[in-house]
Amino acid sequence: SSEICTRIWGRKPVFDKSDNIVYYSENSETLVENKVDLISENVIYDGKYLNIYEPSNGDTFSMGSDTFNKGFTVGADNYSLFGEGNGYALFDLKGKYSKLNVSLARVNLGDLGIEDATLKVYLNGEYETEYALSGQKPPVSITIDLNYANDLKLELCGSKIVYGFSECTLEK
397 SSEICTRIWG
407 RKPVFDKSDN
417 IVYYSENSET
427 LVENKVDLIS
437 ENVIYDGKYL
447 NIYEPSNGDT
457 FSMGSDTFNK
467 GFTVGADNYS
477 LFGEGNGYAL
487 FDLKGKYSKL
497 NVSLARVNLG
507 DLGIEDATLK
517 VYLNGEYETE
527 YALSGQKPPV
537 SITIDLNYAN
547 DLKLELCGSK
557 IVYGFSECTL
567 EK
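Each residue of the sequence shown is one higher than the one before, counting from 397 in the working numbering.
Okay, structure coming up:
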């Protein structure tokens, strides 16, 4: 809170609501909060086998022993007769962010097996990297370098699975 900051530093910090940044300066030094919530930024605009979770809609998803009401899930169905292949999420980043931090794991669904998957990352329409995901592990944190790309695609590759993404923050 600004009151605590004022007590500690003897000066009141300034909050820029338009950029969601806190400024504090003393001796020409600036303290900047550069992390913003991915869901609040509203950058996810489309996808396949994609579900977005916000506290206001009341839905939740579980990974490991925790339940989340904020984040998103992406699935894949390369197994079923009418499955549509790998799922993905599309993001319009507008070149504003350097990194994406997420906690991810397989979503606990009784009717799906425990399956490993691959998360492929595309920046500006080009393949960048991929992550091997274990279906047996609780959520793990990863940081994806965005390099101020204009758009991002996260593609989940597997046979019939759903993985969740929580605690998602973008760094400016």
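A virtual CB, placed ideally from N, CA and C, is assigned to each residue, including glycine.
Burial state of residue i (16 or more Cβ within 10 Å)
i    : result
A501 : buried
T456 : exposed
P535 : buried
L427 : In this prediction, L427 has a pLDDT of 48, which is less than 50 and means its spatial position is unreliable; what the coordinates show is noted afterwards. Answer is exposed; the Cβ neighbour count stays below 16.
I540 : buried
A513 : buried
Three-way DSSP call (helix, strand, coil) for residue i in this model
i    : result
T402 : helix
S452 : helix
S461 : coil
K568 : coil
N447 : strand
Neighbourhood of residue i by C-beta, 8 angstroms cutoff - its chain only, sequence neighbours within 5 removed
i    : result
I510 : R502, G531, Q532
G454 : N465
Segment limits, alpha helix (DSSP H) that includes residue i
i    : result
E437 : 434-437
Own chain, CB closer than 7 angstroms to residue i, minus 5 neighbours either side, in chain order
i    : result
F468 : I440, L446, N447, I448, Y449, A485, F561
L542 : L489, Y493, S494, K495, L496, L519, L548
E437 : L566
L508 : K556, I557, V558
N546 : L489, K490, G491, N520
E524 : V517, Y518
C553 : A472, N482, A513, T514, K516
Boundaries (first-last residue) of the beta strand (DSSP E) holding residue i
i    : result
D473 : 467-473
Y441 : 440-444
Beta-carbon proximity list for residue i, same chain, < 6 angstroms, skipping 5 on both sides
i    : result
N474 : G481, S555
E563 : S499
F487 : V439, I440, L548
G471 : Y445, G483, V558
K431 : T565, E567
Chain B contact for residue i (CB, 8 angstroms cutoff)
i    : result
K466 : Note that chain B does not occur in the displayed structure, where there is just one protein chain.
Exercise for the section: With a floor of 3 residues, list each beta strand (DSSP E) that falls wholly inside the stretch 470-557, ordered by position along the chain. Expected result: 481-488, 495-502, 513-519, 522-529, 536-541, 547-553
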